[in-house]
Structure formats: structure tokens, C-alpha cells
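Position one of the sequence shown corresponds to residue 1 (my numbering), numbered consecutively onward.
In what follows, a single structure is set out as C-alpha cells and then discussed.
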Amino acid sequence: MIPDLAYRPAEPTDHRGHLLDLYLPADSPGDRPLIVWTGGSGWMRDDGKDSAGPIAAIFTARGYAVAGVSIRSSGQGAFPAQLRDIKAAIHWLRSHARRYRLDPERFAVMGDSSGGWTAAMAALTDHDAPALASRVQAAVAFYPPTDFLRMDEQMLPGACREFNRDLGITGCHDDSRSPESLLLGGAIRTRPEAAAAANPVRYATRSAPPLLLLHGQADRLVPHGQSVLLYEALRDAGATVTFHSVPGAGHDWRAVLDPTNHDAHRVYRARSGREQVTIGRPGPGWDDVDRFIRDALAVRPQDTADRGGPRP
């Protein structure tokens, strides 16, 4: 692992939201497809790269390079600072692709929770400009917020009470001190235009890169309905999108990808306006994520030879 690569100048100077760690596969021939990972924190911390280790262990064993990326917290910069950061990181990685033997035409972005939001926003914005150096060819979003103003209405019974207690607030996601409000610099209900600009559902178009959504139906922090909204928006726009809706899983990718979960889960797939719904059993695993990325990036098995890495 190559730690603490600065993809842009620090702003403010004492933060870490400008750094990335790069994990490279051993003995991999040719240029490697890249997965850009950023972990979630409700936009409260600038340590998104620190959760990349388990992801890198899985995917470098399969021939991918993995970049763990940190972006600024909401306290260090209001939206769209976070979107600018992830795009700057992708731009930097593409401009250094030759040095690190990365395939500049095979970039995927992935994250969970607010990191899933970051991944979706990185994928869905500015994708109509093919020469843009920050574009990606695929995205994977675990339980992302996608429409801030609809979160409270979708929360599970009793979940807002728990959310308020844990954060010391009273108004759930609508509260002026909620993670979403802090991201926008004010209560989301008082900033509808800013909220709309920060919502991934706004940017669903036919030209969006393939996107994979995974969300637990028992999520008590970011409601399952948030992924439903983004899936439906992309489906209706004619984009390529897959959605794994996992019963019993909460706000944790380990639960969403739990190989012992043998409950039937629904898999929604849409392409060019056509939809297919299947029942999966057991639940999704990293093999499903890998397969989606391979298909989206047109990666052949020999391009990312399986080296016997960790299995879900």
C-alpha cells in the first residue's frame, strides 16, 4: 500500500480530506482496472480512506487496484466541497495512471452510506462530457442517501427516535444539526435548492454509467426507500442499474453481504427502459459486486486473474 498521496492541496491546512491510499495487486500484468473507495461517516469526518483496507484485500486479490480516498467533512467545507474532492481524486488518479499502471478507461467508484452518496454523485454528475478527466465507468453505492427531503417520511417505525437520541437532536434528518443539514450549511427544509442540488436522484439520465445499489430493508439510519428512489429514477431514465434489496440487513455492508443470510432477496435490473426482477438466495456477496464491475468495465477474467483472495 502506498499511503497518504496528496491529490490536491490541503484545505484547511490541518485536515486529511485531500489524501488517498493506493493499493496495488501483486504480479498483475498490464494496466489494472481501478476501484475508488470512500467510506461513510455522515460527512462528519475526513477519514474516508481509512476503511478501504478490507475492500482492497478483496479486490487486489482479484487483480484490481484500489484507491481509498478521504474527502473533506461537512465541518471543513459545505457541499459541493465533497463532490469536488472526489472528482479531484479521480482526476489525479487518471493523470497518474501510467505511473501506477492503472487503466484510465476502467475506473469504478464505490462507497457506503455518505460514501455511497459520494460514489453516486461522482458517477452521475458531468457524465455527458466524455473528455472530463474525473468521469468513471461504473459505480457501486451501499445504502446511500439520495433525496434528503424524503428521508424522514421513509424512516422505519421508531428509527427517528433512535436517530435523535444518538445524535442529540430532535428533528431527525430534517433537524438543523442533522448530517444532511450540516452538509448543506443549514436546515434542509430551509435550503430546498441546495438539497435538490445534492440529491443523486436529480442527475439520473440515460447516459449515466452502470450503477449498482445495495441496501438492507432493516436500515434504521438511511431508509431503504432512498435506494428505491434512485433505482426508479435511473430505470425510468433508461440507464443501466441493478438494485439488491436485502431483507433483515441494517446499515452495514457486512450485513448486506452476509453469506449466512438465506432469506430471499429481490434483485432489480434495468437497462434501456427494460426491467427484470428476480429472487436471489442466498443474499448478495462480493462475487456479485465483482461480476457487476467486470461487466460494466468490460473486464475479462484474464485481465483480473483470481488469486484466491478473501471470499464473502
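Note that the Cβ used here is the ideal one computed from N, Cα and C, for glycine as well.
Just so you know, these numbers come straight off a predicted model, no measurement behind them.
Helix, strand or coil: how does DSSP classify Tyr-143 here? Assigned with DSSP and collapsed to three states, Tyr-143 falls in coil, not helix or strand.
Please check the pair Pro-25 and Gly-63, which I expect to be a contact at CB under 8 angstroms, by giving their CB distance rounded to whole angstroms. 5 angstroms between Cβ atoms; contact.
Which of helix, strand or coil DSSP assigns to Val-201: When secondary structure is reduced to three states using DSSP, Val-201 falls in the helix class.
Looking at the structure shown, is Gly-115 part of a helix, part of a strand, or coil, going by DSSP? In the structure shown, Gly-115 adopts helical secondary structure according to DSSP, grouped into three states.
So, does the region 216-227 touch the region 237-247, judging by three or more C-beta pairs under 8 angstroms? Yes, since at least three Cβ pairs between the region 216-227 and the region 237-247 fall closer than 8 angstroms, the two stretches touch.
For the alpha helix (DSSP H) containing Leu-229, name the first residue and the last one. 225-237 is the span of the alpha helix (DSSP H), which, as asked, contains Leu-229.
Going by Cα to Cα distance, which pick from Asp-287, Asp-126 and Gly-225 is closest to Ile-385? Outside the modelled stretch of the chain, which goes from 1 to 312, sits residue 385, for which no answer is possible.
At which residues does the alpha helix (DSSP H) containing His-91 begin and terminate? The continuous alpha helix (DSSP H) containing His-91 extends over residues 81-95.
Helix, strand or coil: which one does DSSP assign to Gly-250? Coil.
To the nearest angstrom, report how far apart Leu-156 and Pro-223 are at their CA atoms. If you draw a straight line from the Cα of Leu-156 to the Cα of Pro-223, it is about 7 angstroms long.
Using only CA atoms, which one of Pro-29, Phe-163 and Leu-20 lies nearest to Met-319? Past the edges of the chain, shown from 1 to 312, lies residue 319, and the structure says nothing about it.
In terms of residue numbering, what span does the alpha helix (DSSP H) encompassing Ala-57 cover? From DSSP, the alpha helix (DSSP H) with Ala-57 extends over 52-60.
Using the Cα positions of Arg-49 and Asp-21, report the straight-line distance between them to the nearest angstrom. Checking the sequence, you will find Lys at residue 49 rather than Arg. Answer to the nearest angstrom: the Cα atoms are 7 angstroms apart.
Which residues in the same chain as Asp-290 place their Cβ atom closer than 7 angstroms to its Cβ, once the five residues preceding and following it in sequence are excluded? Annotation for Asp-290: Arg-62 place their beta carbon closer than 7 angstroms to its own, counting only its chain and skipping 5 residues before and after.
Contact between the region 74-81 and the region 181-191 is defined here as three or more beta-carbon pairs at a separation below 8 angstroms; is this criterion met? The way I'd put it, the region 74-81 does touch the region 181-191; three or more beta-carbon pairs between them come closer than 8 angstroms.
For Ile-279, name the three-state secondary structure that DSSP assigns. It is a strand residue.
Less than 8 angstroms separating the beta-carbons of Val-267 and Thr-242? Result yes, Cβ atoms of Val-267 and Thr-242 sit closer than 8 angstroms.
Find out if the Cβ-Cβ distance for the pair Gln-226, Gln-276 is shorter than 8 angstroms. With respect to Gln-276, Gln-226 sits apart: the two C-beta atoms are not nearer than 8 angstroms.
In terms of residue numbering, what span does the alpha helix (DSSP H) encompassing Arg-165 cover? For Arg-165, the enclosing alpha helix (DSSP H) starts and ends at 159-167.
Thinking C-alpha only, which one of Asp-31, Thr-118 and His-262 is nearest Arg-94? Taking only the C-alpha atoms, the option nearest Arg-94 is Asp-31.
Between Arg-281 and Leu-257, what straight-line distance do the alpha-carbon atoms span, to the nearest angstrom? Per the coordinates, the alpha-carbon of Arg-281 lies some 12 angstroms from the alpha-carbon of Leu-257.
Top-ranked residue by Cα proximity to Gly-285, from Ala-255, Ala-270 and Leu-297: Among Ala-255, Ala-270 and Leu-297, the Cα nearest to that of Gly-285 belongs to Ala-255.
Do you know offhand how far Val-314's Cα is from Gly-171's? What the structure shows of the chain is the stretch from 1 to 312, and residue 314 is not part of that stretch, so it cannot be assessed.
Please state whether DSSP places Glu-11 in a helix, a strand or coil. In this structure, Glu-11 counts as coil in the three-state DSSP scheme.
With the cut-off set at 8 angstroms, would you say Asp-46 and Arg-16 are in Cβ contact? Judged by beta-carbon spacing, Arg-16 lies within the 8 angstroms limit of Asp-46, meaning their Cβ atoms are closer than that value.
Apply the 10 Å Cβ neighbour rule to Ser-41 and answer buried if 16 or more other Cβ atoms are within range, or exposed otherwise. By the beta-carbon neighbour count (other beta carbons within 10 angstroms, threshold 16), Ser-41 is buried.
Between which two residues does the alpha helix (DSSP H) containing Ile-293 stretch? Note, Ile-293: alpha helix (DSSP H), 286-297.
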